[in-house]
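Undergrad: Just so we're aligned, residue 1 is where the sequence shown starts under UniProt numbering, counting upward by one.
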Amino acid sequence: MTTTIEDIIYDEMIDSFCAEEIMKKAAKAQCIYIFVEGDSEEAIFQTLLEECGLDFEKHGVVVANYNGIGNLRSSIRLLRKTLSHDRPIIVTYDDDRPGKREAQHIDDELITLFKIPQAPVVKYPNGSMGGSLEEAFPPELFVESSFKCDVILNSNQSLRENFSTIFNAREPWFSQLANFVEARGVKAGSINKIRLAEHMAESCDPIPETFRELAKVALSLREQHPVKSPNDVDLDFLNDR
1 MTTTIEDIIY DEMIDSFCAE EIMKKAAKAQ CIYIFVEGDS EEAIFQTLLE ECGLDFEKHG
61 VVVANYNGIG NLRSSIRLLR KTLSHDRPII VTYDDDRPGK REAQHIDDEL ITLFKIPQAP
121 VVKYPNGSMG GSLEEAFPPE LFVESSFKCD VILNSNQSLR ENFSTIFNAR EPWFSQLANF
181 VEARGVKAGS INKIRLAEHM AESCDPIPET FRELAKVALS LREQHPVKSP NDVDLDFLND
241 R
């Protein structure tokens, strides 16, 4: 049977497709973890970072939720006992007092610490400066997003305007919102923080600097730890025979 040009092209296409799929699986197996503090971060980080040029599939990036700063060190210890024990981790944490305290205890050459937001925004009661996820976005976007009907039940324009008049962008934002609704008979725990984060992520333009910097850090780590093809077998051991 004669091999035609079409046969050769077809075989090359199949080889290329297989190689691409192999590298995708290799990227996932050799992933870079981005540890996030909670459900809100888990809901929005991938979308925001992909807008900044980070391809989660190609670059092999996985977002992992450690479910609160108090669980961070336990989550790291657990990961180090798995098959992913040698993978780089970007640990993101709120730049508040609990986050700063936990970050001081982390000393691991495979861990890159990344505070949220990158630049201090608010002043805490103890006098320290910092912020959390909400403060990574513009203050006017936080106010606008807070009073969506799926964030605060029975919210309306009047409530938003009343909050705007007392809102201080130099003090912790979410605690101001919680105190505001509590004073009006709404439980602070009923505020849907995930939808609040999603509204901010969907509406922000441009992408806040904190997330652009995080994407750069992830891309830099991937350059330092490139994805290796499973076909690249180290045969140096043969020289020792």
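C-beta: ideal position from N, C-alpha, C; glycine also.
Keep in mind the model is a prediction, meaning the values are calculated, not measured.
Rounding to the nearest angstrom, what Cα-Cα distance links V217 and P88 in this structure?
TA: 12 Å
Undergrad: For my contact list, Q157 and F167 are in at a C-beta cut-off of 8 Å; report their separation, rounded to the angstrom.
TA: Their Cβ separation, rounded to whole angstroms, is 15 Å, which puts Q157 and F167 out of contact at 8 Å.
Undergrad: Give every residue of the same chain whose Cβ lies closer than 6 Å to the Cβ of residue 242, excluding the five residues on either side of it in the sequence, and list them in chain order.
TA: An answer regarding residue 242 cannot be provided, because it is not within the stretch 1 to 241 covered by the chain.
Undergrad: Could you check if D150 is buried or exposed, using at least 16 other CB atoms within 10 Å of its CB as the buried criterion?
TA: exposed
Undergrad: Measure from the C-beta of K187 to each C-beta in chain D and report whether the shortest distance is under 8 Å.
TA: Within the model displayed, chain D is absent; a lone protein chain is all it includes.
Undergrad: Could you check where the beta strand (DSSP E) with residue 261 kicks off and where it finishes?
TA: Beyond the ends of the chain as shown, which are 1 and 241, falls residue 261; an answer cannot be given.
Undergrad: Would Y108 and G130 be called neighbours here (beta carbons separated by less than 8 Å)?
TA: For the sequence presented, residue 108 should be read as Asp rather than Tyr. Cβ distance not < 8 Å, so D108 and G130 don't count as in contact.
Undergrad: Please report the residue range of the beta strand (DSSP E) in which T47 lies.
TA: Unbroken run through T47 is the alpha helix (DSSP H), 39–51; no beta strand (DSSP E).
Undergrad: Kindly list the residues whose CB is nearer than 7 Å to the CB of V121, restricted to its own chain and excluding five residues on each side of it in sequence; keep chain order.
TA: G131, E135
Undergrad: By the 10 Å Cβ neighbour count, where 16 or more other Cβ atoms means buried, how is S190 classified, buried or exposed?
TA: Here S190 is exposed, its C-beta having fewer than 16 other C-beta atoms within 10 Å.
Undergrad: How would you call T92, buried or exposed, if buried means at least 16 neighbouring beta carbons within 10 angstroms?
TA: buried
Undergrad: Using beta-carbon positions only, say whether C204 and L141 come within less than 8 Å of one another.
TA: yes
Undergrad: Examine the Cβ distances between the segment 67–77 and the segment 37–48 and report whether three or more of them are shorter than 8 Å.
TA: yes
Undergrad: Kindly indicate which three-state DSSP category F147 falls into: helix, strand or coil?
TA: F147 falls in the coil class under three-state DSSP.
Undergrad: Which class does F167 belong to by DSSP, given the choice of helix, strand or coil?
TA: coil
Undergrad: What are the boundary residues of the alpha helix (DSSP H) that T4 is part of?
TA: For T4, there is no enclosing alpha helix (DSSP H), as DSSP marks it with neither H nor E.
Undergrad: Kindly list the residues whose CB is nearer than 8 Å to the CB of P139, restricted to its own chain and excluding five residues on each side of it in sequence; keep chain order.
TA: F167, A169, W173
Undergrad: Return helix, strand or coil for L221, following the three-state DSSP convention.
TA: helix
Undergrad: Between the C-alpha atoms of A201 and T4, what's the straight-line distance to the nearest angstrom?
TA: In a straight line, the C-alpha of A201 is about 52 Å away from that of T4.
Undergrad: Around the Cβ of E182, are there at least 16 other Cβ atoms within 10 angstroms (buried) or fewer (exposed)?
TA: Taking all protein chains shown into account, E182 has fewer than 16 neighbouring C-beta atoms within 10 Å of its C-beta and is therefore exposed.
Undergrad: Decide if residue 243 is buried, meaning its Cβ has at least 16 other Cβ atoms within 10 Å, or exposed.
TA: One cannot answer for residue 243 here, as it falls past the ends of the chain, which runs 1 to 241.
Undergrad: Distance check for A103 and P125, CA to CA, integer angstroms please.
TA: Taken atom to atom, the span from the alpha-carbon of P125 to that of A103 is near 20 Å.
Undergrad: Does K115 pass the burial test, meaning 16 or more other C-beta atoms within 10 Å, or should it be called exposed?
TA: Taking a 10 Å sphere around the C-beta of K115, we find 16 or more other C-beta atoms and assign the residue as buried.
Undergrad: Report yes if the CB atom of L221 is closer than 8 Å to the CB atom of I76, and no otherwise.
TA: no
Undergrad: Apply the 10 Å Cβ neighbour rule to L48 and answer buried if 16 or more other Cβ atoms are within range, or exposed otherwise.
TA: With 16 or more Cβ atoms within 10 Å of its Cβ, L48 is classed as buried.
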